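Colleague: In the working numbering, the protein residues as written are 799 to 1046. Each residue gets a CB set at the ideal place from its N, CA and C atoms; glycine is no exception. On a predicted model such as this, the values are computed, not experimentally measured, just so you know. Once you've had a glance at the structure underneath, I'll fire off some questions.
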């Protein structure tokens, strides 16, 4: 059976590592990006050069119109979808809640949770046996911040990821009889450039001693957990969370 995976925002960090590993495991890879076309095309080139098959798709996954168009293009190119990784997400600059404005909060909520709803909705219509599909798997990329709250830094981000956790639990039960498994990973302090977006590129090194294992994580460590949850080895796992946080 041909396996096709969509990874939202998959042009860097955890997303890029997941795309490359998925290709090695035999997936056709749909590389979604919003603005960084160059990074997305680099991932696609690397996969195709190594004998895999990948296509880059520009889409704003906070837009219902864009998401519907994205999934239609994937249908045309690959004939359907068997795996979805909801990994689109942003951080704003570090701030207390009383200094956050509404526009900032809405940007975070739209990118981190609305995108998950929109993409999951379209994936279900293709995977669910209720719609004539053959099943599939969804992995949501949450964060350990959903459990810690990220006080004085990113409470809005943490709240959005807690919503991702609730979506994972509810949706996993909703579609369990339709051949779809829904799980999530919760990365901790991982060496990616999302920290630079928050205004502190060296954040992981500053706080890694708070981690019981006394180090930050690597994107590839998260990617391996994501691919395991998508695989048949996790066939009896749904509504499950894997914390990749060094014990934090």
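Quick one: any contact between the stretch 1009-1018 and the stretch 953-973, if contact means 3 or more CB pairs under 8 Å?
Modeller: Contact fails: fewer than three Cβ-Cβ distances are below 8 Å.
Colleague: For residue 817 and residue 939, what's the separation of their Cα atoms in angstroms?
Modeller: Stepping through the chain shown from its first residue, residue 817 is reached at position 19. Stepping through the chain shown from its first residue, residue 939 is reached at position 141. For residue 817 and residue 939, the distance between alpha carbons rounds to 14 Å.
Colleague: Which partner residues of residue 823 appear in the DSSP bridge assignment?
Modeller: Reading the chain shown from its first residue, position 25 is the one you call residue 823. Paired residue(s): none; residue 823 is not in a bridge.
Colleague: Can the beta-carbon of residue 1028 be found closer than 8 Å to that of residue 838?
Modeller: Position 230 of the chain shown, counted from the first residue, corresponds to residue 1028. Position 40 of the chain shown, counted from the first residue, corresponds to residue 838. No, the Cβ-Cβ distance between residue 1028 and residue 838 is not below 8 Å.
Colleague: Give the list of continuous beta strand (DSSP E) stretches no shorter than 3 residues that lie fully inside the stretch 832-913.
Modeller: Counting whole runs of 3 or more residues, the stretch 832-913 contains the beta strand (DSSP E) stretches 851-856, 881-884.
Colleague: Cβ of residue 878 within 8 Å of Cβ of residue 806?
Modeller: Here residue 878 refers to the residue found at position 80 when the chain shown is read from its first residue. Here residue 806 refers to the residue found at position 8 when the chain shown is read from its first residue. Not a contact, by the Cβ cut-off of 8 Å.
Colleague: Assess contact between the stretch 945-957 and the stretch 918-930, defined as three or more Cβ pairs (one per stretch) separated by less than 8 Å. Is contact present?
Modeller: Counting Cβ pairs under 8 Å, fewer than three are found: no touch.
Colleague: Measuring CB to CB, does residue 921 end up less than 8 Å from residue 936?
Modeller: Taking the first residue of the chain shown as position 1, residue 921 is located at position 123. Taking the first residue of the chain shown as position 1, residue 936 is located at position 138. Yes, they are a contact pair.
Colleague: If I follow the unbroken alpha helix (DSSP H) through residue 1046, where does it start and stop?
Modeller: Against the chain shown, residue 1046 aligns to sequence position 248. Taken as a continuous stretch (DSSP letters only), residue 1046 belongs to no alpha helix (DSSP H), as it is neither H nor E.
Colleague: How many whole angstroms separate the CB atoms of residue 1039 and residue 982, which I take to be in contact at a CB cut-off of 8 Å?
Modeller: Position 241 of the chain shown, counted from the start, is the residue given in the question as residue 1039. Position 184 of the chain shown, counted from the start, is the residue given in the question as residue 982. Contact flag correct, Cβ pair sits at about 5 Å.
Colleague: Quick one: is residue 921 near chain B, going by C-beta distance under 8 Å?
Modeller: Among the protein chains of the structure shown there is no chain B, as only one such chain exists.
Colleague: Less than 8 Å between the CB atoms is what I'm expecting for residue 1025 and residue 823, so what's the real figure, rounded?
Modeller: Along the chain shown, one-based indexing puts residue 1025 at 227. Along the chain shown, one-based indexing puts residue 823 at 25. Going by Cβ atoms, the distance from residue 1025 to residue 823 rounds to 6 Å, so yes, they are a contact pair.
Colleague: State the start and end residues of the unbroken alpha helix (DSSP H) segment that holds residue 966.
Modeller: By one-based count along the chain shown, residue 966 stands at place 168. Here the alpha helix (DSSP H) through residue 966 covers 953-972.
Colleague: Should residue 858 and residue 819 be called a contact, given that it needs their Cβ atoms to be closer than 8 Å?
Modeller: Here residue 858 corresponds to residue number 60 of the chain shown, with the count starting at 1. Here residue 819 corresponds to residue number 21 of the chain shown, with the count starting at 1. No, the Cβ-Cβ distance between residue 858 and residue 819 is not below 8 Å.
Colleague: Run the CB neighbour count on residue 891, radius 10 Å, all protein chains shown included, and call it buried at 16 or more, exposed below.
Modeller: For the purposes of this step, residue 891 is taken as the residue at position 93 of the chain shown. Under this definition residue 891 is an exposed residue.
Colleague: At what residues does the beta strand (DSSP E) containing residue 984 begin and finish?
Modeller: Residue 984 sits at position 186 when you count from the first residue of the chain shown. Looking at the DSSP string, the run of the beta strand (DSSP E) that includes residue 984 is 978-985.
Colleague: Kindly give me the distance between the Cβ atoms of residue 887 and residue 980, rounded to whole angstroms, as I take these residues to be in contact under 8 Å.
Modeller: On the chain shown, position 89 is the one that residue 887 refers to. On the chain shown, position 182 is the one that residue 980 refers to. Contact doesn't hold; Cβ gap of about 17 Å is too wide.
Colleague: Mind checking which residues open and close the beta strand (DSSP E) that includes residue 943?
Modeller: For the purposes of this step, residue 943 is identified with residue 145 of the chain shown, where counting begins at 1. Segment 943-946 is the alpha helix (DSSP H) holding residue 943; no beta strand (DSSP E) there.
Colleague: Determine the direct distance from the alpha carbon of residue 897 to that of residue 926, and round the result to whole angstroms.
Modeller: For the purposes of this step, residue 926 is taken as residue 128 along the chain shown, with counting starting at 1. For the purposes of this step, residue 897 is taken as residue 99 along the chain shown, with counting starting at 1. One C-alpha to the other measures close to 43 Å.
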